[in-house]
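So that you can map any letter, position 136 of the sequence shown is 987 in this note's numbering, and since no number is skipped, the others follow by simple counting. C-beta: ideal position from N, C-alpha, C; glycine also.
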Amino acid sequence: MSGNYCAFCGVSTRDVFWPDDPNFYEGDRNAPYNTDFASPESCNWVGDVRVLGRAFLTGPAKADYTIYFRAPEGEAFPPNGETLIATYTEDLGEVMAFPFHYDCFDQFRIVLSPKVVDLDVLYETFKSVSKGNYMTSLKLDYGAAKECMGQFWAEQLGIEDLVTSPSSSSDLIEHYHSLIKNTPHTEEPSSRIETGVNDASDPFYKFSPEIILHIADFLDTPSVFRWRKSSRPVARLALEKGFWKSRIYRDMPWLYDFPVDDDTSSSDTNWRSVYEKLDLVSSRSQKIARQAREIAREKENERPKRGRQRQYNCGLVVRDWSDMNLALTNRRRIWGILEQVLDLYFPHEAKSHAT
């Protein structure tokens, strides 16, 4: 697959070809991705691309070759009515333009809401991190996708999350409901106080439960855990379900479509467990870490093999996605990139409003 990448997510902007497609390369004997977790239909979004230029945003555009995109038959691109447009370059009189998936742009609109995307500001934002002429991406950290970005996009088994749409869907909503329903209704485990904690010197004995909870609202969740381990009065304070429900949106804003107030949840739903499950099914880094431990155990028990063995990038490819949600995994990665974009976007927005 040609190496021209989405400005937002870093994944290829070219259609994915499968064995039954006439454009499928004959040298590829197998499907480009694991068909248990990806399909032609689930990858359609990758080829649904728009191109942003100065003072214009195109309609649907199809990757043609190298840095170029072609307009649909019978249509043309602004501003000059051309049917072919170059991206990531302004050499030879070309207007610098940036391709992105429509679904990724939609995620950016959600991140930015309630504000409306200013396309001129977004254009200047992208241009500020351009790598120069004839490049294929921006100077952003694209996470796992950067391992696949080269002259050609490296299609391979184990990266199915990268080609899964981050958009909300009925399947995703059903996954949420199933996760809530299958969460055990257990009490929150008590916090274990670290040894050496001096109760007499603990200033939080003087604080009411209301004040402690108010302080907790200003801390991220790992800090709350550390606080509870170091202070007995804080550890004794039960974190009610409302605390964990609120943390879902606070700590994982990419779960904007999670039905936290849905009537299907029970009054005794363990929201801490729901929170932890949502974190696990969307965290690629945690999955890779679990996989590394599994591989280490397997190597301890297996006999040495003769001959040259096929090598896998175990820091990138995932052997089994069955305990993950690919849409959430990719959305979480993309939102991490969108945070980088926002850090650049807001100063450009302020500058544009000041002039």
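Given residue i, which residues of its chain have a CB within under 7 Å of its CB, disregarding the five upstream and five downstream residues?
i: histidine 1026; result: Asn1176
i: aspartate 1053; result: Ser1082, Arg1083 and Pro1084
i: arginine 1098; result: Thr1072 and Tyr1126
Below 8 Å between beta carbons: does that hold for residue i and residue j?
i: valine 900; j: alanine 914; result: yes
i: proline 883; j: tryptophan 869; result: yes
i: alanine 927; j: arginine 1135; result: no
i: tyrosine 985; j: threonine 940; result: yes
i: isoleucine 1188; j: tyrosine 974; result: no
i: glycine 1093; j: lysine 997; result: no
i: threonine 864; j: valine 1192; result: no
i: leucine 1129; j: glutamine 1137; result: no
i: glycine 898; j: aspartate 866; result: yes
On a Cα-Cα basis, can you pick out the residue from the options that is closest to residue i?
i: valine 902; options: Ala1086, Thr1034, Ala912 and Gly932; result: Ala912
i: isoleucine 918; options: Asp971, Ser988 and Gly994; result: Ser988
i: proline 1198; options: Ser1081, Asp969 and Arg921; result: Asp969
i: isoleucine 1024; options: Arg1154, Leu1179 and Gly1187; result: Leu1179
i: glycine 1009; options: Leu1195, Asn1181 and Glu1190; result: Asn1181
i: arginine 1184; options: Ser1133, Lys1138 and Lys1150; result: Ser1133
i: glycine 1166; options: Arg1141, Arg1148 and Glu1151; result: Arg1141
i: serine 1019; options: Phe1109, Asn881, Ser1173 and Ile1146; result: Phe1109
i: glutamine 1007; options: Asp866, Lys966, Val1168 and Ser1029; result: Val1168
i: glutamate 1200; options: Lys966, Glu1011, Ala1147 and Ser981; result: Lys966
i: proline 1060; options: Glu924, Ala1205 and Glu1091; result: Glu1091
i: glutamine 958; options: Val867, Pro923 and Phe859; result: Phe859
i: threonine 886; options: Ala1205, Arg1154, Asp1171 and Trp1186; result: Asp1171
i: serine 981; options: Glu1011, Phe949, Pro923 and Asp1012; result: Phe949
i: leucine 1112; options: Ala1205, His1028, His1065 and Glu1151; result: Residue identity differs from the one stated: residue 1112 is aspartate in this sequence, not leucine. Cα-wise, what sits closest to aspartate 1112 is His1028.
i: phenylalanine 1069; options: Lys1080, Leu991, Met947 and Asp1102; result: Asp1102
i: aspartate 819; options: Thr1206, Glu1149, Phe1058 and Leu1030; result: Look at the range of the chain in this structure, 852 to 1206, and you will see that residue 819 is not part of it.
i: aspartate 1012; options: Ala1205, Ile1139 and Arg1148; result: Ile1139
For residue i and residue j, which I take to be in contact (beta-carbon distance under 8 Å), what is that distance rounded to the nearest angstrom?
i: cysteine 955; j: cysteine 857; result: 6 Å
i: tyrosine 1126; j: tryptophan 1095; result: 5 Å
i: alanine 906; j: proline 891; result: Contact flag wrong, Cβ pair sits at about 36 Å.
i: threonine 1034; j: asparagine 1121; result: 6 Å
i: aspartate 971; j: serine 1124; result: Incorrect: roughly 46 Å between the Cβ atoms, too far for contact.
i: isoleucine 1063; j: phenylalanine 1055; result: 6 Å
i: serine 964; j: leucine 1195; result: Not confirmed; about 18 Å, so no contact.
i: tyrosine 1100; j: isoleucine 961; result: Their Cβ separation, rounded to whole angstroms, is 13 Å, which puts tyrosine 1100 and isoleucine 961 out of contact at 8 Å.
i: glycine 854; j: phenylalanine 1003; result: 5 Å
If I measure Cβ to Cβ from residue i and keep anything under 6 Å in the same chain, skipping five residues before and after, which residues do I get?
i: tryptophan 1078; result: Val1085
i: threonine 909; result: Arg901, Val902 and Phe928
i: glutamate 945; result: Ala937
i: glutamate 1190; result: none
i: alanine 1089; result: none
i: tryptophan 1186; result: Trp1105
i: glycine 904; result: Val946 and Ala948
Please return the same chain residues whose Cβ sits closer than 8 Å to the Cβ of residue i, not counting the five positions on each side in sequence.
i: serine 893; result: Val1014, Thr1015 and Ser1016
i: glycine 1001; result: Gly854
i: serine 1074; result: none
Complete runs of the beta strand (DSSP E) confined to the segment 967 to 1054 [at least 3 residues]
Counting only runs of 3 or more, we get nothing.
Those runs of the beta strand (DSSP E) which lie wholly inside the segment 924 to 964 and span at least 3 residues
Within the segment 924 to 964, the complete beta strand (DSSP E) runs of at least 3 residues are 935 to 937 and 948 to 952.
Taking only runs that begin and end inside the segment 1083 to 1112, name each unbroken alpha helix (DSSP H) of 4 or more residues, in chain order.
Restricted to the segment 1083 to 1112, the alpha helix (DSSP H) segments that are unbroken, complete and at least 4 residues in length are 1083 to 1087 and 1092 to 1102, listed in chain order.
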